[in-house]
Every structure is written in structure tokens, then in C-alpha cells.
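**Q** Going line by line, the protein sequences match chains A and B. Taking my numbering, the leading residue of the first sequence gets 17, the next gets one more, and so forth. Taking my numbering, the leading residue of the second sequence gets 17, the next gets one more, and so forth. Every residue, glycine too, gets a C-beta built ideally from N, C-alpha and C. Following this message is one structure expressed as C-alpha cells.
There are 2 protein chains.
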Amino acid sequence: MSTPLSDAALDQLFREARTYNGYLDRPVNEEQLHQLWDLLKMGPTSANQLPARIIWCTSPEARERLAAHVSASNKPKLHSAPVCAIVAMDIDFHEQLPWLFPHADAKSWFANDEELRKLSALRNSTLQGAYLILAARALGLDCGPMSGFDNEAVDKDFLADHPRWKSNFLCTIGYGDRSSIFQRSPRPDFDTFNSIL
Amino acid sequence: MSTPLSDAALDQLFREARTYNGYLDRPVNEEQLHQLWDLLKMGPTSANQLPARIIWCTSPEARERLAAHVSASNKPKLHSAPVCAIVAMDIDFHEQLPWLFPHADAKSWFANDEELRKLSALRNSTLQGAYLILAARALGLDCGPMSGFDNEAVDKDFLADHPRWKSNFLCTIGYGDRSSIFQRSPRPDFDTFNSIL
């Protein structure tokens with residue numbers, strides 16, 4: 017049982033945080049990527065699947081390669097951001113369950129059902145991607161998630177050694193340039209998309 | 017550009033937070049559900065799709081109805097938790113884009129591609145479900161996400177008035193009973209599932 021975080025923390029995580037399209041010329045170091053992983057890995061996934069596989073593109077060469085596969089409007093973001101994470105997922109995550117979920121034979125729940133694995137990998141690696149976004153903000157970083165890219169081309173170029181890994185979405189990370197954000201899109205009131213039973 | 021949150025806040029959000037299987041006899045009120053929505057709705061979704069539709073089951077009757085559709089091991093959680101959210105998604109979210117994303121004709125990107133809408137609704141409503149989990153923790157609440165349930169039965173029972181809404185996952189919410197948590201499952205080191213390019 018905890019108390020609510022401060023208003024300043026809620027602002028940083030949710031209310032004042034924005035999606036950035038450009039970043040300041042300020043590096044993000046490897047230690048920060050480790051800090052991000054050490055937070056996001058703690059978030060819950062079904063049967064501790066942890067299906068996300070993350071390729072952190074930090075060198076100008078890697079970001080340039082990735083830029084070749086994203087939509088025109090997303091290309092400049094890859095040049096400006098010090099880091100762009102490829103949030104991928106392992107369709108064969110069940111192979112890791114004997115050590116990730118030692119409480120039960122969870123591997124057998126998925127072994128003969130690739131459709132279930134695809135659904136589960138997508139859902140749970142997306143949860144992890146959201147934990148990444150909020151972990152970045154919690155650590156004082158800004159980010160810009162993107163799904164406007166050619167998944168197959170990214171898989172071929174970056175995941176060729178892992179034929180069972182598929183890209184899910186991308187997320188730029190850095191110290192955001194406030195001048196790069198768009199006008200805030202509308203957010204609906206509770207009653208629009210919620211009901212209480 | 018922000019500073020990192022305090023260690024206590026990072027503990028509350030990620031490091032010390034756990035998935036609860038039982039809850040204290042302490043209510044969660046409607047105002048808290050509104051607070052949850054007002055935080056989680058601020059999280060980013062692709063083209064501001066906001067495809068999640070949330071049914072908050074709070075009455076004993078609604079939770080009992082929902083309990084009929086979950087796996088045996090999940091049933092007691094529905095009785096113990098003061099709230100269980102059905103995180104659903106609108107496959108026809110694109111109908112809302114003219115007002116949710118007024119910057120561009122985003123509706124046309126999805127109008128003739130139901131497969132793309134299904135993928136996008138699943139990915140983005142899952143992001144919103146993760147924002148819900150972390151918003152709950154940020155507000156001092158505990159939660160227990162679940163995917164062990166009969167999606168079709170939940171859709172028939174709870175979403176019959178909205179044939180284009182489909183259930184994604186469930187999440188109990190309340191003040192967690194520490195005696196109900198399982199032993200922490202392993203969390204891998206950075207090098208296991210990450211690489212830096």
C-alpha cells in the first residue's frame with residue numbers, strides 16, 4: 017500500500033510528457049540504457065514471458081541504416097535522436113519459460129500453438145514497450161514512439177540472425193527539443209470511452 | 017528535460033511493485049477511476065488512436081459475472097479485488113480519428129484495411145493497458161493484470177452492444193494484500209535480451 021506520487025512526478029510521467037520529434041545535442045550513455053532495462057524488465061508480463069528483444073541503435077551508422085526503413089516524416093527523427101530502440105519480440109519466447117517461469121510448465125501452454133505465441137508476443141512485448149516509454153520519462157529522458165516503418169525491411173536488416181524475432185515498434189530516446197513537439201491532440205473525458213458496472 | 021524521479025518513486029512504479037492475487041478489504045472509489053483515466057489517457061498512441069475502451073467492473077454482481085469467464089486460478093482474484101477493468105479495444109477506432117487526430121486525414125489510412133486496424137488496435141490498446149498499470153501504481157494502488165480468460169465469452173457477455181469492441185486483457189485494481197504475491201520470477205541481465213549497435 018503506497019501513497020500517490022507527487023504532482024510533479026505525475027506531470028513528468030503523464031501530464032506534461034510529450035512525444036518528441038527532435039532532440040537536443042546531448043548524449044545518452046550505455047549506463048542509462050542499462051538503467052532503462054533494469055526498470056522496464058520489472059514490469060509484469062503474462063507468465064513472465066518477457067518476449068521483448070531490444071536493439072538499441074546508438075551509433076550514427078546504425079541510426080542511418082534504420083532511417084532507410086522508416087516513413088519520410090520519421091527519417092529526421094532518427095538523425096536527431098541519440099538513441100532509437102527497435103522493440104522486437106521473440107515468437108519463440110516459450111523456449112525461455114523453463115527458467116523465466118520456474119513455478120509451472122508454462123512452455124507447454126505455448127509449444128504447439130504458434131498463433132497464440134504470436135498474439136502473446138505482440139501483447140506482452142508491447143506492454144514492455146510502454147514500460148520503456150514510462151521508464152525513460154521516469155529517468156528524465158524523453159521519447160518518441162513510432163510505428164510508421166517497414167517491419168519486414170527492419171527484420172531483414174537488423175534481425176537476420178534471429179529469424180524468430182519480429183520488430184514491433186520503434187522508440188527514439190534522448191533529451192527532447194521542446195520546439196519539435198506538435199500541438200497536443202485531444203484527450204477525451206472519462207465518459208467517452210469508459211463505463212462503470 | 018527533467019531530472020530522474022526519486023528512488024522511492026522508481027521503487028513504487030517498477031522495482032518494488034508486484035502483481036497481486038488478493039486485495040485488502042478497502043474500497044476504490046469512482047473518483048479514483050477518473051484519476052486513473054485522466055493519467056492513462058495522456059500516454060502516447062499512434063496517431064492518437066486511443067483504441068482502448070474500458071469497462072470497470074466494481075459491483076459484486078459485475079465481478080461475479082466476469083469471474084464466470086476466467087480461468088480457475090483467476091476466479092478468486094475477481095472476488096477479492098474491489099475493481100477489475102476489462103481493457104477492450106475498438107476495431108473501428110478509425111471512426112474517431114477525425115476529432116482525435118485533427119492534424120491529418122488519419123481515418124483514411126485505416127478505413128479499407130481491417131487487418132491493419134486489428135493489429136493497431138491490439139498494439140495501442142495494450143500500450144494503454146500498460147499505462148493503466150503504471151498509473152495505478154503511481155496513484156498508490158496495486159494491480160494484477162490477467163490474460164487467462166475466455167475472450168469470446170467476455171465479449172458476448174459484456175460487449176454485446178458494441179460488436180466492434182473486443183476484449184484485450186483484464187486488470188484487477190485495489191490495495192494489495194502482500195500475503196497474496198508469489199515469489200518474484202527471474203529478471204534477466206541486460207545482455208540476455210538486449211544489444212547495442
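What residues match up with residue 102 (chain A) in a beta bridge as DSSP calls it?
**A** Looking at the DSSP assignment, residue 102 (chain A) forms a beta bridge with A:71, A:186.
**Q** Give the residues from the segment 111 to 135 of chain A that approach chain B closer than 9 angstroms (Cβ to any Cβ), ordered along the chain.
**A** Residues passing the 9 angstroms Cβ filter: 112, 115, 116, 117, 118, 119, 135.
**Q** Can you give the beta carbon distance from residue 139 (chain A) to residue 185 (chain B), rounded, assuming they're within the 8 angstroms contact cut?
**A** Contact flag correct, Cβ pair sits at about 7 angstroms.
**Q** Please classify residue 194 (chain A): is it buried, with 16 or more other beta-carbons within 10 angstroms of its beta-carbon, or exposed?
**A** So residue 194 (chain A) counts as exposed.
**Q** Which partner residues does residue 211 (chain B) have in the DSSP bridge list?
**A** Answer is A:71.
**Q** So which residues on chain A does residue 49 (chain B) lean against when the C-beta distance must stay under 9 angstroms?
**A** Going along chain A in sequence order, the residues near residue 49 (chain B) (Cβ under 9 angstroms) are 206, 210, 212.
**Q** To the nearest angstrom, how far is the alpha carbon of residue 212 (chain B) from that of residue 21 (chain B)?
**A** Rounded to the nearest angstrom, the two C-alpha atoms are 25 angstroms apart.
**Q** Less than 8 angstroms between the CB of residue 132 (chain B) and some heavy atom of the ligand HEM, yes or no?
**A** Ligands in the displayed structure: none, and consequently the ligand HEM is not present.
**Q** Between the alpha carbons of residue 64 (chain A) and residue 200 (chain B), how many angstroms are there, rounded?
**A** For residue 64 (chain A) and residue 200 (chain B), the distance between alpha carbons rounds to 10 angstroms.
**Q** First and last residue of the beta strand (DSSP E) that includes residue 160 (chain A)?
**A** First-last of the beta strand (DSSP E) with residue 160 (chain A): 158 to 162.
**Q** Rounded to whole angstroms, what's the CA-CA distance from residue 181 (chain A) to residue 111 (chain A)? Just pull it up for me.
**A** Answer to the nearest angstrom: the Cα atoms are 13 angstroms apart.
**Q** So residue 95 (chain A) and residue 83 (chain A) are supposed to be a Cβ contact under 8 angstroms. How far apart are they, rounded?
**A** Indeed they touch by this definition, with Cβ atoms about 7 angstroms apart.
**Q** Output the distance between the C-alpha atoms of residue 188 (chain A) and residue 177 (chain B), rounded to the nearest integer angstrom.
**A** Whole-angstrom Cα-Cα distance: 39 angstroms.
**Q** Counting only beta-carbon separations shorter than 9 angstroms, does residue 153 (chain A) have a partner in chain B?
**A** For residue 153 (chain A), the answer is yes, since a Cβ of chain B falls inside 9 angstroms of its Cβ.
**Q** Could you pull the DSSP bridge partners for residue 181 (chain A) from this structure?
**A** DSSP, once it has assigned bridges, lists A:106 as partnering residue 181 (chain A).
**Q** Closer than 7 angstroms, Cβ to Cβ, to anything on chain A: give me those residues from the segment 69 to 89 of chain B, in chain order.
**A** Hits within the stretch, in order: 69, 70, 71, 72, 73, 74, 75, 78.
**Q** Going by beta-carbon coordinates alone, are residue 68 (chain B) and residue 209 (chain A) separated by less than 9 angstroms?
**A** It is a contact, given that the beta carbons lie within the stated cut-off.
**Q** Out of A:35, A:144, A:198, which one is the CA nearest neighbour of residue 203 (chain B)?
**A** The candidate whose alpha carbon is nearest that of residue 203 (chain B) is A:144.
**Q** Answer yes or no: does any C-beta atom of chain B fall closer than 9 angstroms to that of residue 168 (chain A)?
**A** Residue 168 (chain A) does not count as touching chain B.
**Q** Name the chain B residues that come within less than 9 angstroms of residue 26 (chain A), Cβ to Cβ?
**A** Simply 55, 151, 154, 155.
**Q** Check the Cβ-Cβ distances between residue 19 (chain B) and every residue of chain A, and say whether any is below 9 angstroms.
**A** With 9 angstroms as the cut-off, residue 19 (chain B) counts as an interface residue toward chain A.
**Q** Do residue 71 (chain B) and residue 174 (chain B) have their C-beta atoms closer together than 9 angstroms?
**A** Contact flag set, yes.
**Q** Kindly indicate if chain A contains any beta-carbon less than 9 angstroms away from that of residue 37 (chain B).
**A** No, its Cβ sits nowhere closer than 9 angstroms to a Cβ of chain A.
**Q** Mind checking which residues open and close the alpha helix (DSSP H) that includes residue 91 (chain A)?
**A** Unbroken alpha helix (DSSP H) run through residue 91 (chain A): 91 to 96.
**Q** List, in chain order, every chain A residue whose beta-carbon is nearer than 8 angstroms to that of residue 163 (chain B).
**A** Chain A residues near residue 163 (chain B): 62, 136, 139.
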